[in-house]
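**Student:**
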Amino acid sequence: MNIVNGNAYLYAAYAVVWIVHCTYALTLVNRGKRMKREMEELHRQ
Amino acid sequence: MKTLFKLLSVVTLLLLGYGFCQAMYIAPREATMGDVQRIFYYHLPSAWIAFLLFFVNFLASSWYLFRRSTGADALALASAEVGVSFCTIVLITGPLWARPVWGIWWTWDARLTSTLVLWLIYVSYLILRHYATGGQVPVLAATLGIFGFVDVPIVYMAIRWFRTQHPQPVIGGGQGSGLDHRMWVAVLWNLAAFLLLAIQFVWIRYRQALASHALEEAHAQASLEYETGDAR
Amino acid sequence: MTSAPGLWAITRRSLVKDLRLEWRSKDAINSMLFFALLVVVIFSFGFDPTAEESRKIAGGLLWVAILFATVVALNQTWTRELRNQVLDAYRLSPAPPQALFLSKTVGNFLFVSILEVLMVPLFVVFYNLRSVGPVWQLLVVGLLATWALVVNGTFFAALSIRTRSREIMLPLILFPISIPALLAMVDATTSILTGDNSPVFWIRLLAVYDLVFTSVSLLLFETVLNAE
Numbered sequence: 001m002n003i004v005n006g007n008a009y010l011y012a013a014y015a016v017v018w019i020v021h022c023t024y025a026l027t028l029v030n031r032g033k034r035m036k037r038e039m040e041e042l043h044r045q
Numbered sequence: 046m047k048t049l050f051k052l053l054s055v056v057t058l059l060l061l062g063y064g065f066c067q068a069m070y071i072a073p074r075e076a077t078m079g080d081v082q083r084i085f086y087y088h089l090p091s092a093w094i095a096f097l098l099f100f101v102n103f104l105a106s107s108w109y110l111f112r113r114s115t116g117a118d119a120l121a122l123a124s125a126e127v128g129v130s131f132c133t134i135v136l137i138t139g140p141l142w143a144r145p146v147w148g149i150w151w152t153w154d155a156r157l158t159s160t161l162v163l164w165l166i167y168v169s170y171l172i173l174r175h176y177a178t179g180g181q182v183p184v185l186a187a188t189l190g191i192f193g194f195v196d197v198p199i200v201y202m203a204i205r206w207f208r209t210q211h212p213q214p215v216i217g218g219g220q221g222s223g224l225d226h227r228m229w230v231a232v233l234w235n236l237a238a239f240l241l242l243a244i245q246f247v248w249i250r251y252r253q254a255l256a257s258h259a260l261e262e263a264h265a266q267a268s269l270e271y272e273t274g275d276a277r
Numbered sequence: 278m279t280s281a282p283g284l285w286a287i288t289r290r291s292l293v294k295d296l297r298l299e300w301r302s303k304d305a306i307n308s309m310l311f312f313a314l315l316v317v318v319i320f321s322f323g324f325d326p327t328a329e330e331s332r333k334i335a336g337g338l339l340w341v342a343i344l345f346a347t348v349v350a351l352n353q354t355w356t357r358e359l360r361n362q363v364l365d366a367y368r369l370s371p372a373p374p375q376a377l378f379l380s381k382t383v384g385n386f387l388f389v390s391i392l393e394v395l396m397v398p399l400f401v402v403f404y405n406l407r408s409v410g411p412v413w414q415l416l417v418v419g420l421l422a423t424w425a426l427v428v429n430g431t432f433f434a435a436l437s438i439r440t441r442s443r444e445i446m447l448p449l450i451l452f453p454i455s456i457p458a459l460l461a462m463v464d465a466t467t468s469i470l471t472g473d474n475s476p477v478f479w480i481r482l483l484a485v486y487d488l489v490f491t492s493v494s495l496l497l498f499e500t501v502l503n504a505e
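Line by line, the protein sequences are chains S, A and P.
My numbering numbers the first residue of the first sequence as 1 and each following residue consecutively.
My numbering numbers the first residue of the second sequence as 46 and each following residue consecutively.
My numbering numbers the first residue of the third sequence as 278 and each following residue consecutively.
1) Using the three-state DSSP reduction, which class does Thr354 (chain P) fall into: helix, strand or coil?
2) Could you work out which residues of chain S lie near Leu260 (chain A), taking near to mean beta carbons separated by less than 9 angstroms?
3) At a CB-CB cut-off below 8 angstroms, which residues of chain P make contact with Leu165 (chain A)?
4) Going by the CB atoms, is the gap between Val418 (chain P) and Ala551 (chain P) shorter than 9 angstroms?
5) So, helix, strand or coil for Thr279 (chain P), using DSSP?
6) Let me confirm a value: Gly384 (chain P) is counted as buried when at least 16 other C-beta atoms fall within 10 Å, else exposed. Which label applies?
7) Identify, in the order they occur along the chain, each residue of the same chain with its Cβ nearer than 6 angstroms to the Cβ of Thr288 (chain P), setting aside the five sequence neighbours on each side.
8) Considering only residues of the same chain and omitting the five flanking positions on each side of Lys333 (chain P), which have a CB-CB separation below 7 angstroms?
9) For Arg34 (chain S), does the count of other Cβ atoms within 10 angstroms reach 16, so buried, or fall short, so exposed?
10) For the putative contact between Leu269 (chain A) and Pro90 (chain A), defined by C-beta atoms under 8 angstroms, what is the C-beta separation to the nearest angstrom?
11) Give the straight-line distance between the Cα atoms of Ala95 (chain A) and Ala313 (chain P), rounded to the nearest whole angstrom.
12) If you measure between the beta carbons of Ala458 (chain P) and Leu495 (chain P), is that distance less than 9 angstroms?
13) Whose C-alpha, out of P:Ser455, P:Leu420, P:Arg441 and P:Trp479, is nearest the C-alpha of Val348 (chain P)?
14) So is Gln266 (chain A) buried or exposed if we call it buried at 16+ other beta carbons inside 10 Å?
15) Please report the straight-line C-alpha distance between Val232 (chain A) and Ala72 (chain A), rounded to a whole angstrom.
16) Helix, strand or coil: which one does DSSP assign to Gly79 (chain A)?
17) Please say whether Pro183 (chain A) and Asp118 (chain A) have beta carbons closer to each other than 9 angstroms?
18) State buried or exposed for Phe50 (chain A), treating a residue as buried only when at least 16 other CB atoms are found within 10 Å of its CB.
19) Inspect the CB distances between the segment 177-194 of chain A and the segment 438-454 of chain P and report whether three or more fall short of 8 angstroms.
20) Assuming contact is defined by CB atoms lying nearer than 9 angstroms, are Thr158 (chain A) and Ala92 (chain A) in contact in what I supplied?
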């Protein structure tokens with residue numbers, strides 16, 4: 001088994017983990033912002 | 046509460062950083078597989094956390110059917126979402142590990158296959174939540190959540206028997222394939238770190254689900270007042 | 278206690294009513310029969326195996342074909358009730374909801390069994406199938422497997438009534454949960470056909486699956502019926 005190749009998969013796997021978690025965190029942030037805007041609009045009415 | 050949460054975030058990030066060091070540098074290199082095996086330190090904790098979160102979903106769904114509490118429904122949604130994201134990680138890191146070590150992406154390995162079925166069940170749960178209409182979505186989702194979790198032991202038994210009949214390489218080593226003590230340490234640090242991350246995600250999503258519910262009620266209330274000419 | 282009719286009496290009456298309505302209209306049964314036939318033919322075009330291979334894969338093909346035909350049958354389980362607001366009347370009546378569920382499930386079981394009676398001989402013909410193991414075992418597997426598909430299918434059909442894109446929602450939530458049962462029915466059938474392995478574990482698994490999900494469905498159906 002090629003050691004160099006193996007490491008590429010290792011980095012890819014770790015990258016995937018971070019990408020998934022960051023993406024999820026981003027969706028949380030976006031939803032939070034959207035809801036804040038909605039609440040402010042509602043208060044104004 | 047907010048400062049506590051911010052403090053927790055800092056702790057989480059520190060733990061994640063240390064977990065990374067443990068996984069990448071401190072834990073010893075595995076004899077046969079080499080550095081690729083380090084995927085294990087992210088793969089295994091994610092699997093445990095996903096399973097824990099789905100169990101939380103089961104409890105929350107049951108509680109919801111029992112007490113119809115909005116909080117239980119919010120927790121069910123949050124735990125399912127975060128659980129699916131962790132489960133996705135397990136399903137991607139597994140093949141990424143299998144490919145360089147065994148030359149194939151997928152081996153119908155018992156644990157990975159069970160995880161796939163679990164992922165399918167809870168993704169279908171999330172889709173039902175998204176596409177069902179009407180005020181009774183939480184009830185319908187809760188019943189599906191219960192069905193899904195009840196299925197889990199049966200899935201596990203079925204796939205394990207299927208594997209003994211058609212044996213193939215096991216991803217992640219067999220039971221007790223001699224894990225070095227230092228490797229366990231790395232696993233535990235990463236487990237702690239990702240568990241804390243999961244708790245924070247679930248907490249935020251839970252609050253958002255509650256807020257969304259309150260917003261819906263506020264909208265309904267506002268349109269009611271508008272129609273009765275009662276805008277205040 | 279008044280002389281209110283029991284669970285079985287109501288179930289039977291409900292079932293007989295459904296069967297009579299189906300027989301009079303014949304719409305569902307006819308289209309399903311033709312659909313089942315089409316599925317078998319198309320699969321036969323797609324997979325053209327030798328006799329030895331066919332024994333190995335026929336189990337899988339047969340049950341996947343039956344699964345698709347079952348979904349088509351299940352999708353119309355509750356449409357008549359919805360159309361005529363029968364569900365509201367049922368909610369108000371003192372009749373136990375389990376009776377409604379059981380009658381629908383048994384009705385679906387009978388429908389799917391009729392489909393299987395059509396599809397299995399066709400498969401045998403197209404694939405020149407001959408079983409190494411005893412045929413009665415195949416019957417047991419057939420009964421348990423059909424009930425497994427139909428009990429969850431009827432329940433999830435009720436769940437998916439109040440969803441957008443109802444027709445795709447049913448298979449979407451049914452298939453993942455049915456995977457262990459599917460694995461069991463396919464492997465049991467293959468084991469019996471090829472005689473390579475013992476089907477006993479799979480038959481037991483199907484029995485456990487049927488027991489567990491029939492109980493859970495009966496327990497939770499009232500909740501779903503009352504959800505509005």
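By construction, the Cβ of each residue, glycine as well, lies at the ideal position given by its N, Cα and C atoms.
**Tutor:** Quick look at the numbers:
1) coil
2) Met35, Glu38, Met39 and Leu42
3) Phe452, Pro453 and Ile456
4) The structure shown does not extend to residue 551 (chain P), since chain P is modelled only from 278 through 505, so no value can be given for it.
5) Reliability of the predicted coordinates at Thr279 (chain P) is poor, the pLDDT of 45 falling under 50, and no value is obtained from them.
6) Buried, since its Cβ has 16 or more Cβ neighbours within 10 Å.
7) Ala376, Leu379 and Ser380
8) Thr467 and Thr471
9) exposed
10) Actually they do not touch by this definition, with Cβ atoms about 48 angstroms apart.
11) Going from the Cα of Ala95 (chain A) to the Cα of Ala313 (chain P) covers about 39 angstroms.
12) Not closer than 9 angstroms, so no.
13) P:Ser455
14) exposed
15) 9 angstroms
16) strand
17) Using a Cβ distance threshold of 9 angstroms, Asp118 (chain A) and Pro183 (chain A) count as a contacting pair.
18) exposed
19) yes
20) Not in contact: Thr158 (chain A) and Ala92 (chain A) (Cβ atoms no closer than 9 angstroms).
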